[in-house]
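Q: My structure is below; once you've seen it, I'll send some questions.
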Amino acid sequence: MAWALLAISLALLENRQKIAFFLALFAIIAGINTNVLTYPAIITLTVMTLLGMAYVYCQKNSEKHFVPRIIIELLLLIGGILLFVHYIPGFHNLKYLDKVQAGPLSAPFSMYFNFDKALLPFILIFCMPTLFTRKPLVNAPAHGWALLIAAIPALLWLATVLGGLSVELHLPNWFPAFVIANLFFVSLAEEALFRGYIQQKLSQWMNPYLALVITSLLFGAAHFAGGGLLVIFATLAGLIYGLTWLWSGRLWVAVAFHFSLNLMHLLFFTYPIRSVVMH
1 MAWALLAISL
11 ALLENRQKIA
21 FFLALFAIIA
31 GINTNVLTYP
41 AIITLTVMTL
51 LGMAYVYCQK
61 NSEKHFVPRI
71 IIELLLLIGG
81 ILLFVHYIPG
91 FHNLKYLDKV
101 QAGPLSAPFS
111 MYFNFDKALL
121 PFILIFCMPT
131 LFTRKPLVNA
141 PAHGWALLIA
151 AIPALLWLAT
161 VLGGLSVELH
171 LPNWFPAFVI
181 ANLFFVSLAE
191 EALFRGYIQQ
201 KLSQWMNPYL
211 ALVITSLLFG
221 AAHFAGGGLL
231 VIFATLAGLI
241 YGLTWLWSGR
251 LWVAVAFHFS
261 LNLMHLLFFT
271 YPIRSVVMH
C-alpha cells in the first residue's frame, strides 16, 4: 500500500500538488505501520517538512529573508542528497529482487523500492517551483528530437561495442515491478535532482549548454561505484536527458527518455551488465 500511494502521489505532483502531498502523507503513515519508516526517518521528514514550509514563507518575503532563504535551501538540498544516497537512517527499503539474473548472460543484481530516494521531488519542489515545467531555455534545432531518440539505442550499442553489454532479449516475470520502481523511484528522482534542480539552477547563473555539460559530468560521477565504463555511459546519457530538458522545459520529458533507455536496456541487452566483461 505504501509503495502504491507513493507512486500515485509522484504521478500527481506536477499538476495536483495538494492531492500529491496528501497522498504522500498517507504513504508515510502506511510506511510507519509496516516498519518501512522508523523514528529517525520520521524525525528527518518532519524537520524537512518544516524547513520546506519555512522556505515558502521566506520566498514570499524574499527581500526581508534573503539570507535565511539561502540557508534553508542549502539545508533542504543537503537533506535531499542524503536521502538520495540512502545516508539517513530509519528507512527500511523493500528489497524486491535479491541477486536475480535477467538472463543467462546477465550479471546478478538486486532491486529495491527506495522510499527515501523517491521523496526527493517533494523536497526539491519547495525550493524550485518550476521543477516540473518552465519555459524552454533553448529551441531545439531541426531534427534535434529525432537525433535524441536515435541516441538512446546508439548509446546502448556503444556500451555493447565497449564490452559492457551484450544483446540478450528477455521479459522477466518481475517486469511490472521494474516499471513502477524504475519510473517513479529511480528515473523521476534522478531527473528531479540533476535536471529539474541542478541543471536548472546552474542555467540561472551561466550559459545553458555549460550548465548541461557540468550537470552531465556530475550525473556520471554519481555512478562511480559502477566503474569507469558506467561513469562514461552515465555522462553521455546525462547529455541526452539534459538536452531533452533544455529543449522542452519539462521534467517528465527527461524522465521519459531516462526510463526509455533503462527499459530498452532491460528488454534487449544484458541487465545491468554482462556477467563476465571482456577486457
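Per full-length UniProt numbering, the very first residue in the sequence shown carries number 1; after that it's consecutive. Glycine included, C-beta positions come from ideal geometry on N, C-alpha and C.
Who are the near neighbours of residue 59 in its chain, counting only those whose CB is closer than 7 Å to its CB and skipping five residues on each side?
A: The residue you call residue 59 lines up with position 59 of the sequence shown. Excluding residues within five positions, the ones whose Cβ falls inside 7 Å are 69.
Q: Quick check on the DSSP output: the alpha helix (DSSP H) that includes residue 53 runs from which residue to which?
A: For the purposes of this step, residue 53 is taken as the residue at position 53 of the sequence shown. 39-60 is the span of the alpha helix (DSSP H), which, as asked, contains residue 53.
Q: Do residue 41 and residue 89 count as a contact pair if the criterion is CB distance below 9 Å?
A: Along the sequence shown, one-based indexing puts residue 89 at 89. Along the sequence shown, one-based indexing puts residue 41 at 41. Result yes, Cβ atoms of residue 89 and residue 41 sit closer than 9 Å.
Q: Provide the residue span of the beta strand (DSSP E) that contains residue 100, from first to last.
A: The residue you call residue 100 lines up with position 100 of the sequence shown. Unbroken beta strand (DSSP E) run through residue 100: 94-100.
Q: Are the CB atoms of residue 26 and residue 13 within a distance shorter than 9 Å?
A: Here residue 13 is taken as the residue at index 13 of the sequence shown, counted from 1. Here residue 26 is taken as the residue at index 26 of the sequence shown, counted from 1. In this structure, residue 26 does not lie closer than 9 Å to residue 13 by Cβ.
Q: Return helix, strand or coil for residue 241, following the three-state DSSP convention.
A: Here residue 241 refers to the residue found at position 241 of the sequence shown. DSSP places residue 241 in helix when its eight states are reduced to three.
Q: Taking residue 272 as the reference, which of 210, 167 and 208 has the closest Cα?
A: Stepping through the sequence shown from its first residue, residue 272 is reached at position 272. Closest option to residue 272, Cα to Cα, is 167.
Q: Go ahead and pull the three-state DSSP assignment for residue 275.
A: The residue given as residue 275 occupies position 275 in the sequence shown. In the structure shown, residue 275 sits in coil (DSSP, three-state: anything other than H, G, I, E or B).
Q: Assign residue 278 to one of two classes, buried (16 or more other C-beta atoms within 10 Å of its C-beta) or exposed (fewer than that).
A: Position 278 of the sequence shown holds residue 278. No answer about residue 278 holds up, because its pLDDT of 45 lies below 50 and its placement is not dependable.
Q: Return the first residue and the last residue of the alpha helix (DSSP H) that residue 264 is part of.
A: Indexing the sequence shown from 1 puts residue 264 at position 264. Looking at the DSSP string, the run of the alpha helix (DSSP H) that includes residue 264 is 251-268.
Q: If you compare alpha carbons, which of 18, 260 and 78 is closest to residue 154?
A: Within the sequence shown, the letter at position 154 stands for residue 154. Among 18, 260 and 78, the Cα nearest to that of residue 154 belongs to 260.
Q: Just to confirm, are residue 309 and residue 170 a CB contact at a threshold of 9 Å?
A: The question about residue 309 has no answer, for the chain in this structure spans 1 to 279.
Q: Cα separation between residue 152 and residue 3?
A: Here residue 152 corresponds to residue number 152 of the sequence shown, with the count starting at 1. Here residue 3 corresponds to residue number 3 of the sequence shown, with the count starting at 1. Roughly 29 Å between the two C-alpha positions.
Q: Helix, strand or coil: how does DSSP classify residue 106 here?
A: Taking the sequence shown and counting its residues from 1, one reaches residue 106 at position 106. Residue 106 falls in the strand class under three-state DSSP.
Q: Hey, how far is the Cα of residue 264 from the Cα of residue 64?
A: Here residue 264 refers to the residue found at position 264 when the sequence shown is read from its first residue. Here residue 64 refers to the residue found at position 64 when the sequence shown is read from its first residue. Roughly 50 Å separates the two Cα atoms.
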